[in-house]
Amino acid sequence: MRLVFWFFLLLNLAFFYWQYSQPQKAEPPLLQTEALPSGVERLVLLRERGLGTASQTQAVPNIPQPVIAQPSPEPSTPTGAQVSQEVAPALIPLKAEVLPEPEPPPPIVMACFTLGPFKDEADAGGMYKALLALDIRAEQRLSERRVLKGYWVFLPPLKSYADARRKVQALQEKGLDDMYIMGKGEVANAISLGLFSRKSTATERFNQVRRMDPATMMQPRYRDVKEKWLDLTVDSAQTEKIAGITALADRQPGVELIQRKACK
1298 MRLVFWFFLL LNLAFFYWQY SQPQKAEPPL LQTEALPSGV ERLVLLRERG LGTASQTQAV
1358 PNIPQPVIAQ PSPEPSTPTG AQVSQEVAPA LIPLKAEVLP EPEPPPPIVM ACFTLGPFKD
1418 EADAGGMYKA LLALDIRAEQ RLSERRVLKG YWVFLPPLKS YADARRKVQA LQEKGLDDMY
1478 IMGKGEVANA ISLGLFSRKS TATERFNQVR RMDPATMMQP RYRDVKEKWL DLTVDSAQTE
1538 KIAGITALAD RQPGVELIQR KACK
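Take a look at the structure:
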């Protein structure tokens, strides 16, 4: 047995001596480096720069790692029970809460007035300034109207001045006086018996001459007068301003405060 043991021991030693005495072949590198294009630096590992230790690695700033988007799981096809549970709430009508609408403010009702007439520009200007003091703006308006001048008693025009002259002499013989022969216009050769402001006085004169000449006539006479007015508009709720306008009209003789039906 010992001889066998020593035989195999010597055989192993001879095999190991032969193996290690053979020349070693150069092994190819694990990674083949390709030639880089000009201007591109080769990637150097940290351990090659001497930064592989733990203390040196801590000084290197954290480099954010790229986030790899994970594919979203495909939605599973809902079953009939799931569809009914999802669609059913949408079919139930929701009752919205109805808020009460705010009440609209009451409408503004305007009151329109006219002050006048004024005899001249000075009276109208004074009233205009008094209204401005009450914070009321007025518009001046000039109007023209016919006013009764009086009642005229007369004899209608005759054919000529000579005929009118003979008529006057005949009436004078009967005791009538205050007569005048008109010489112009449509009433030329008419005999004026007087112009009276009061109708009663004109009627007495008419009756007096009519007993002497049945052709005697009486008619009213008018004249055109230009007047100044002040038109103003006030909120009907502003009773204090309306009272102030009334007080101003009462202090002005001959001036009336007239309320208009419609505002222009």
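Residues in the sequence shown are numbered consecutively from 1298, following our numbering. Each residue gets a CB set at the ideal place from its N, CA and C atoms; glycine is no exception.
Open item on the list: With a threshold of 8 Å on Cβ separation, who are the neighbours of residue 1363 within its own chain once the five nearest residues in sequence on each side are excluded?
Closed with: As a first step, residue 1363 must be located in the sequence shown, where it is residue number 66. Confidence is the limiting factor: at residue 1363 the pLDDT is only 47, short of 50, which leaves the residue's position unreliable and the question unanswerable from this model.
Open item on the list: Taking DSSP's pairing of strands, which residues face residue 1449 in a bridge?
Closed with: Along the sequence shown, read from residue 1 onward, the residue named residue 1449 stands at position 152. DSSP lists 1492 and 1516 as partners of residue 1449.
Open item on the list: Please state whether the Cβ-Cβ distance between residue 1619 and residue 1485 is less than 8 Å.
Closed with: No answer is possible for residue 1619: it lies beyond the span of the chain, which begins at 1298 and ends at 1561.
TODO: Report the rounded CA-to-CA distance for residue 1405 versus residue 1548, giving the unit in angstroms.
DONE: For this step, residue 1405 is matched to residue 108 along the sequence shown. For this step, residue 1548 is matched to residue 251 along the sequence shown. Looking at the two C-alpha atoms, the distance is approximately 29 Å.
Task: Cα-Cα separation between residue 1428 and residue 1472, rounded to whole angstroms - done: On the sequence shown, residue 1428 is found 131 positions in, with the first residue counted as 1. On the sequence shown, residue 1472 is found 175 positions in, with the first residue counted as 1. Straight-line Cα distance between these residues: approximately 59 Å.
- [ ] Report buried or exposed for residue 1327, applying the criterion of at least 16 other Cβ atoms within 10 angstroms of its Cβ.
- [x] Here residue 1327 is taken as the residue at index 30 of the sequence shown, counted from 1. Bear in mind that the predicted position of residue 1327 carries a pLDDT of just 47, short of 50, making it too unreliable to give a figure here.
Task: DSSP three-state assignment for residue 1497, whether helix, strand or coil - done: Stepping through the sequence shown from its first residue, residue 1497 is reached at position 200. Here residue 1497 sits in helix by DSSP.
Open item on the list: Just verifying my parser: in three-state terms, what is the DSSP assignment at residue 1552?
Closed with: Within the sequence shown, the letter at position 255 stands for residue 1552. Under the three-state reduction of DSSP, residue 1552 is assigned to coil, being neither helix nor strand.
TODO: Could you tell me whether the region 1520-1535 touches the region 1489-1507, using the rule of 3 or more Cβ pairs below 8 Å?
DONE: At 8 Å Cβ cutoff, the stretches do not touch.
Open item on the list: What would DSSP say about residue 1532, mapped onto helix, strand or coil?
Closed with: Position 235 of the sequence shown holds residue 1532. Reduced to three states, the DSSP call for residue 1532 is strand.
- [ ] Sort out for me which residues DSSP pairs residue 1413 with in a bridge.
- [x] Here residue 1413 refers to the residue found at position 116 when the sequence shown is read from its first residue. Partner(s): 1553.
Task: Cβ distance (whole Å) where residue 1555 is taken to contact residue 1410 below 8 Å - done: By one-based count along the sequence shown, residue 1555 stands at place 258. By one-based count along the sequence shown, residue 1410 stands at place 113. About 7 Å; that satisfies the 8 Å criterion.
- [ ] Quick one: using the 10 Å Cβ neighbour count with 16 as the cut-off for buried, is residue 1302 buried or exposed?
- [x] Start at 1 with the first residue of the sequence shown, and residue 1302 comes out as number 5. Counting Cβ neighbours within 10 Å, residue 1302 comes out exposed, since fewer than 16 surround it.
Task: Whether residue 1492 touches residue 1520 by CB criterion (8 Å) - done: In the sequence shown, the residue the question calls residue 1492 occupies position 195. In the sequence shown, the residue the question calls residue 1520 occupies position 223. 8 Å or more divides the Cβ of residue 1492 from the Cβ of residue 1520.
TODO: Apply the 10 Å Cβ neighbour rule to residue 1304 and answer buried if 16 or more other Cβ atoms are within range, or exposed otherwise.
DONE: Taking the sequence shown and counting its residues from 1, the one referred to as residue 1304 is at position 7. Exposed is the call here.
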